[in-house]
Structures are given as structure tokens and as C-alpha cells.
Amino acid sequence: MASPVTYAVTSLPVHWRRPNEAGRAQRRARGAGRRPGPRSPVCAKLRSSRGLTLSGRILRTRIDASSVARQARGRGVGFPAAGAKQDNEPQLKLLICAIFLPEGLSFFIGDFRLSVARVLIFVFAIMALSQRGNGRSSVNVPSDSLALITGAWMMIAATFTDGFTGLKGAGMDAITFSGTYLVFRYTLGPVNSSVRLMYFACKVVLVVIAVAMLDPLTGRLATYDFIKGITGYSKPAYESALVLQAETLFRDGSIRAMGPLEHSILFGAVCAWFGIAALVTFRNKFFGWAMAIIALVAILFSQAKSPLLAFGIGALLAGYYSITPRFTSRWKLAGLSATALLATVFTFSGSPIATLVRLVGVSPESAWYRQAIWDVGTTVVLGSPLFGIGINGDWDWQSHGALVSGSVDAFWLAFAMSYGIPGSLLVLATIVGACMLGSVDRSPYLTREEGRLSTALGIVVAMTVVLGFIVHFWGICWILIAALAGVRAHLAEAAVVRGRAARVSNAQREAAAVGLLKSGRGWTGARGMRAPTAR
Numbered sequence: 001m002a003s004p005v006t007y008a009v010t011s012l013p014v015h016w017r018r019p020n021e022a023g024r025a026q027r028r029a030r031g032a033g034r035r036p037g038p039r040s041p042v043c044a045k046l047r048s049s050r051g052l053t054l055s056g057r058i059l060r061t062r063i064d065a066s067s068v069a070r071q072a073r074g075r076g077v078g079f080p081a082a083g084a085k086q087d088n089e090p091q092l093k094l095l096i097c098a099i100f101l102p103e104g105l106s107f108f109i110g111d112f113r114l115s116v117a118r119v120l121i122f123v124f125a126i127m128a129l130s131q132r133g134n135g136r137s138s139v140n141v142p143s144d145s146l147a148l149i150t151g152a153w154m155m156i157a158a159t160f161t162d163g164f165t166g167l168k169g170a171g172m173d174a175i176t177f178s179g180t181y182l183v184f185r186y187t188l189g190p191v192n193s194s195v196r197l198m199y200f201a202c203k204v205v206l207v208v209i210a211v212a213m214l215d216p217l218t219g220r221l222a223t224y225d226f227i228k229g230i231t232g233y234s235k236p237a238y239e240s241a242l243v244l245q246a247e248t249l250f251r252d253g254s255i256r257a258m259g260p261l262e263h264s265i266l267f268g269a270v271c272a273w274f275g276i277a278a279l280v281t282f283r284n285k286f287f288g289w290a291m292a293i294i295a296l297v298a299i300l301f302s303q304a305k306s307p308l309l310a311f312g313i314g315a316l317l318a319g320y321y322s323i324t325p326r327f328t329s330r331w332k333l334a335g336l337s338a339t340a341l342l343a344t345v346f347t348f349s350g351s352p353i354a355t356l357v358r359l360v361g362v363s364p365e366s367a368w369y370r371q372a373i374w375d376v377g378t379t380v381v382l383g384s385p386l387f388g389i390g391i392n393g394d395w396d397w398q399s400h401g402a403l404v405s406g407s408v409d410a411f412w413l414a415f416a417m418s419y420g421i422p423g424s425l426l427v428l429a430t431i432v433g434a435c436m437l438g439s440v441d442r443s444p445y446l447t448r449e450e451g452r453l454s455t456a457l458g459i460v461v462a463m464t465v466v467l468g469f470i471v472h473f474w475g476i477c478w479i480l481i482a483a484l485a486g487v488r489a490h491l492a493e494a495a496v497v498r499g500r501a502a503r504v505s506n507a508q509r510e511a512a513a514v515g516l517l518k519s520g521r522g523w524t525g526a527r528g529m530r531a532p533t534a535r
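So that you can map any letter, position 516 of the sequence shown is 516 in our numbering, and since no number is skipped, the others follow by simple counting.
In C-alpha cells form, the structure reads like this:
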């Protein structure tokens, strides 16, 4: 249970016994073999957990986080969606399961490829918008507006570069991103609902890991072959890579774990995100450590070095968070240190991306290949900085002799190429903006697990930002980025709104106590024990 929060109320001209004097009186009574009566100030002061206390001449009231949460839930306030009495957790859990379904289970309606997850996102996003329209959310987190602006910009930029064809392609991704954020932002409600949802999501990821382990154990893409046998869905890129045993699917003679995700790197990224999130949120439980260890093993089987780097960064930040519980400026110091490192590298290195990648242990070949991608891609972006070259634009990768394909292994660069520099900055601002109300892990109005989850999601955001420079996100990871940002914004709002509910409750208690004391009738504690009146 969170520590109680004490509020100074008012100064009153009364002469009650002070707490230290009450304690001495209780000890004297015990020594004499007498027990304080139910109307004594000792019982009224020390045995009333929700009563009003006097220390000297200052009246104080103590309200803990759990009682505030119960009162807020009873009034329908204190939570982003607390006005809704229905439980939305089953729908959100269904959506999480649908997100991890293989791509081969999708279907087409006209020119649009729809998955079960996308259909659910459309339906639940409409519900989330209706809840927001009913005024059930009263705190504006910066990411709320940015998520909608990001989706709108994607459609505008795609229409400008490729016309209606571009709008059809980008519109689906835009609605998926903005809709997912809205769903997880506005449909979470009761206390610890976000923690329970994260716990469920981690268990789903454990199932995904178990399925993915079949790939290296059987020497084939087990999930892909199974779905192909049922639906007949096949991807030419997979088929050619299997025939050629390309590094996309193979490394060191063995197939890389991928499971239902679109690529082994994306599988590794998901394992890194949820492994660190579980480690920070449930660090005092066996589940948290077990999830982190299993996720690390899964990353090793994916043979993807970039997610391994992200897991290492997340583990360092989790350790830093654990050993600095009383250092209030820890994240400011970490941010300033990272900024200083980046500024130094970009100032004194002629190949900053390669330098950064090599500093974290990635092979020199991969480092220089990613630097080549950035060299060519940056030129393309600067040539069309506002709207980009479109989602299917030719970025002339053949002009660089080191590049062997048109794959852009950098999310921030690829997004800027497709939707312009504003598009890339808007996505970055959305996921960072979910944390812009500050560090809420110390809030007395969140439960301990909610506070840790807020920190865990902040660490996941940092991991995502770093990974975005050397990894491209799409498909399942694109949806999860928006979902995790929505959960983090929900926690930020919950801390603010529950604090408001506590202040309202305190004001009501203050008014009642002052009125009773001034009337000379005294005050009756929460357990029916009457305190002494003013003399």
C-alpha cells in the first residue's frame, strides 16, 4: 500500500492533548493496570485510522492512495475511463491476442488487407472516441493530440506524393497507429487495470516465444508453414530467402527464431520490450525475473544483435532505477548524459551512426552498412523534407556500392523518407509525449505496481528510440508502439485525476471537521469514538 499523504488543514484555538502526551498517558495507564476508555483521546487519536488528528494546534487528515482510489471509483472520477462502469479488460485482452496473430490469417476487402487486430482496433477506437466525447477524460496528455496529428499527417503526406493510391496505403497504417493509441489510452479504467493488462500481455508473449522456438528446433519456419498449409498464404520474399538461405532467415547455418512475427529482428524487439517491462514492474516477484530471462534466451535464438543491444540498455536503466530510489533527478541526469554522448559523437565523428553502433558492440560490417543507409537516405530526405518521397518511392540505393537491397534498416529514417521529416518527428513526439507529464512513479495516488509500470514504459520508450536508428518497425511492432504509449499516458492521467479526487475528499473532511469543532459539539471518529470537545 502506498504511503499515506498528510495534509495540513487549519489552525484552531483548542487545547487537545498532543500526540506525544497522549502516548505518555497511554503508557502510564498500562503501567497502572488500567486500559484507556473508548472515549479517551488515546483511542480517538491513535485507533482511528481515518480520523482527524491534532498535532499542537494544527489539524491534519490522513488519506492513503487506496482509499482515494476507492472513493474516486465510487464517484466515477479519478480514472481516464472510470465513468464507464463496464469492464473493458476482456476486450483489451482479446485485442492483445489478435495483435500477435500471424500475418497469414489476414484477409482482403477490395484493395485493403485487414487483419483481425485491425478490425478490432477500428471497433474499439470508435468506443474510445465516444468515451472521450462524453468527457470521461479530463487531463490532456501531450501525446493525445500528437497521436491524432500523426495519423492525419501521414494521410496528407501520402496523398501529396502518390495521390489516392498513396492515401489507401498510408491511411490504413495511420488509422492503425492513432486508433491503437486511442483504445489503450481511453478504455483502461479501474485501479491496477494497466498492471493486469501488462501481466496478461507478458503471458501472451511467453506463448509467442514458445511457438517461435519451434523454428530453430525444427529447422524451418514452423508458424509460416503451418499457416501456409491452412490458408495458402505465401510471401515471395520468404520463399526466395529459404531457397537461398539468406541472412534474413538464416545465420551461422541455422534458422532464426521468428514465430508469428514478420521478422526475427521484430521478434527480438518484442522480447526485449516485454522482458524489461516485466523485470521492472514485477521485480519483486518470480514472474518478473523469469520473464526477463526467457526473453533474453529468445533474443539469442533470434540471432538479432540490435534487440540484444536494446535489452542491455533496458537492463542498465532498470538497474539504475533500482539503486537510486531516493534520487529525484535520476532521469534528468540520465537524459543529460545521453545527450552529451550523442552531441560528442555527432560533433567529432565523420560517421556518427557507425560509431554509435560500434560502441555498443555491433560488428563493424553491420555498423558501416547502416552508415551507408543513412548516407544515402539523408540525401533523399533533404531533397524532399516536408512530405518525403512516398511509401513506394525510389530512393536510389544502387548509387551506393555497399548497399545490396532497398531495405531501410532505420525506422526514423524510413519514416522521414515516406512521410517527410515532420512525420518522423511526430511519431517520436507521440511516444515521448506520453511521458511528458513527468515521472509519476512517485505519485502517492498510483499503486506501487502502477508506479513501476510507468517507469518500465518510460524505459521501453527509450529502448524504442534507440532501436529506431538501426531497426525498422512495421506490422505487430508498429501496433505495439502505439499501445504502450497509450498505456503510459493512461497512467499519467490517473495520477493527476486521482490527486484531484483526494483534494476534493480532503476539502469535504476539512469543512465537516471545522464545522463540528466550531459548534462546540466535538467530533466523532471513524469508529464511532467521540473526541473531547474544546474547553
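We put the beta carbon where it would ideally sit given N, CA and C, even for glycine.
Given the structure is predicted, the values throughout are model-derived calculations rather than measurements.
query	result
Roughly how many angstroms lie between the CA atoms of S405 and T165, to the nearest whole one?	24 Å
Going residue by residue through the stretch 235-278, where are the continuous beta strand (DSSP E) segments of at least 3 residues, counting only ones entirely within it?	none
Compare the beta carbon distance of L261 and I476 with 7 Å and say whether it is the shorter of the two.	yes
DSSP beta-bridge partners for R113?	F108
Within 10 angstroms of the Cβ of Q508, are there 16 or more other Cβ atoms? Answer buried if so, exposed if not.	exposed
For F327, does the three-state DSSP call read helix, strand or coil?	coil
Do R196 and G486 have their CB atoms nearer than 7 Å?	no
Consult DSSP for C97 and reduce its assignment to one of helix, strand or coil.	helix
I'd like to check one pair, A257 with A212: are the Cβ atoms closer than 7 Å?	yes
Going straight from the alpha carbon of F346 to that of P352, what length do you get?	5 Å
Could you give the DSSP three-state label for L480: helix, strand or coil?	helix
From F100 to P216, what distance separates their C-alpha atoms?	19 Å
Determine the direct distance from the alpha carbon of G468 to that of L296, and round the result to whole angstroms.	20 Å
Within 6 Å: the Cβ of R132 and any heavy atom of the ligand SAM?	What this structure holds is no ligand at all, so the ligand SAM is not there to describe.
For H400, does the three-state DSSP call read helix, strand or coil?	coil
Within 10 angstroms of the Cβ of W474, are there 16 or more other Cβ atoms? Answer buried if so, exposed if not.	exposed
For T281, does the three-state DSSP call read helix, strand or coil?	helix
Tell me whether the beta-carbon of T355 lies closer than 7 Å to the beta-carbon of S349.	yes
With E391 and G169 assumed to form a contact (beta carbons below 8 Å), what rounded beta-carbon distance in angstroms separates them?	Here residue 391 turns out to be Ile, not Glu, going by the sequence shown. That pair is a contact at about 5 Å.
Whole angstroms are fine: how far does the CA of T430 sit from the CA of A272?	21 Å
Determine the DSSP secondary structure at M213, reduced to helix, strand or coil.	coil
State yes or no: is the C-beta of I470 within less than 7 Å of the C-beta of R326?	no
By the 10 Å Cβ neighbour count, where 16 or more other Cβ atoms means buried, how is T187 classified, buried or exposed?	buried
Check whether the stretch 146-156 touches the stretch 423-442, taking contact to mean three or more Cβ pairs, one atom from each stretch, closer than 8 Å.	yes
Does DSSP classify L382 as helix, strand or coil?	helix
When the Cα of W331 is compared with those of V496, G171 and D441, which residue comes out closest?	D441
Mark M537 as exposed unless 16 or more other C-beta atoms lie within 10 angstroms of its C-beta, in which case mark it buried.	With the chain represented from 1 up to 535, any question about residue 537 goes unanswered, as that position is not in the structure.
So for Y233, helix, strand or coil by DSSP?	coil
Answer with buried or exposed for V191, where buried requires no fewer than 16 other C-beta atoms within 10 angstroms of its C-beta.	buried
Rounded to the nearest angstrom, what separates Y321 and A298 at their Cα positions?	25 Å
Counting pairs of beta carbons, one from the stretch 487-500 and one from the stretch 111-122, are three or more of them closer than 8 Å?	no
Whole alpha helix (DSSP H) runs in the stretch 445-497 with 4 or more residues, listed along the chain?	448-467
Nearest CA to the CA of V461: which residue from S138, G383 and V432?	V432
Can you find the residues in the same chain that come closer than 6 Å, C-beta to C-beta, to L539, ignoring five residues on each side of it along the sequence?	The chain is shown only over 1 to 535; residue 539 falls outside these bounds and no answer can be derived.
G423 and A152: beta carbons closer than 7 Å?	no
If G275 sits next to F311, beta carbons under 8 Å apart, how far is it from one beta carbon to the other, in whole angstroms?	6 Å
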